[in-house]
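Numbering (the working numbering), first residue to last: 25 to 207.
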């Protein structure tokens with residue numbers, strides 16, 4: 025699928041979900057390519073197989089091993105997410121009565137998630153509720169803050185990020201063609 029077809033597909037999905045173009049523009053969201061070249065990086069915290077691009081997979085596995093050698097367990101919550109899977113997340117939240125504005129504060133619209141690139145991971149550590157700010161107080165987060173950059177990973181959505189997403193201490197992306205996340 026070429027870029028024009030992908031943009032059209034994403035546009036149709038956004039329209040179907042009731043996400044206005046202005047909401048994407050106002051947040052300066054960047055269309056993210058949905059990659060196909062993915063390899064398994066093992067099971068996530070719920071027993072689902074997760075995949076990343078080969079480069080990100082190697083970096084993730086190396087980072088996970090290094091953390092474990094330091095006594096820190098990095099547990100995968102989520103990695104690659106297709107546009108269709110992102111759409112399903114939105115549909116579930118809309119069906120539960122959440123508004124577009126509420127969902128936009130915590131979930132990128134389909135086509136705009138770093139997870140589509142196969143280079144983003146959501147991380148937790150055992151005993152911590154996944155995808156919560158409580159992760160910030162963990163040994164795993166402290167380790168990531170000091171050592172993730174050496175493996176090419178960076179925190180995507182710090183407090184007050186320019187994309188308008190809530191602070192996500194669990195969401196890290198491997199470097200590459202992702203947009204600059206500095207403010």
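Beta carbons are placed, not taken as given, at the ideal position from N, Cα and C, and that holds for glycine.
Around the beta-carbon of residue 176, 16 or more other beta-carbon atoms lie within 10 Å, marking it buried. Judged by DSSP in its simplified three-state form, residue 73 adopts strand. Annotation: residue 143 to residue 75 spans about 9 Å, alpha carbon to alpha carbon. Restricted to the region 41-101, the alpha helix (DSSP H) segments that are unbroken, complete and at least 4 residues in length are 45-50 and 78-93, listed in chain order.
The C-alpha of residue 188 lies about 6 Å from the C-alpha of residue 51. Judged by their CB atoms, residue 134 and residue 48 are not nearer to each other than the 8 Å cut-off. Going by DSSP, residue 165 is part of the alpha helix (DSSP H) stretching over 163-171. Residue burial annotation: residue 105 is buried, with at least 16 other C-beta atoms found within 10 angstroms of its C-beta. In the displayed model, residue 177 falls within a strand according to three-state DSSP. Residue 58 counts as buried, since no fewer than 16 other beta carbons sit within 10 angstroms of its beta carbon.
For residue 103, no alpha helix (DSSP H) segment is defined, and its DSSP state is neither H nor E. One thing to note: residue 80 has its Cβ no nearer than 8 Å to the Cβ of residue 171. Contact check between the region 104-121 and the region 155-162: fewer than three CB pairs, one atom from each, fall below 8 Å, which does not count as touching. By the neighbour-count criterion, in which 16 or more other beta carbons inside 10 Å mark a residue as buried, residue 78 falls on the exposed side. Out of 85, 126 and 110, the CA that lies nearest to the CA of residue 99 is found in 85. Distances from the CA of residue 101 to each of 151, 55, 45 and 53 were compared; the closest alpha carbon is that of 151.
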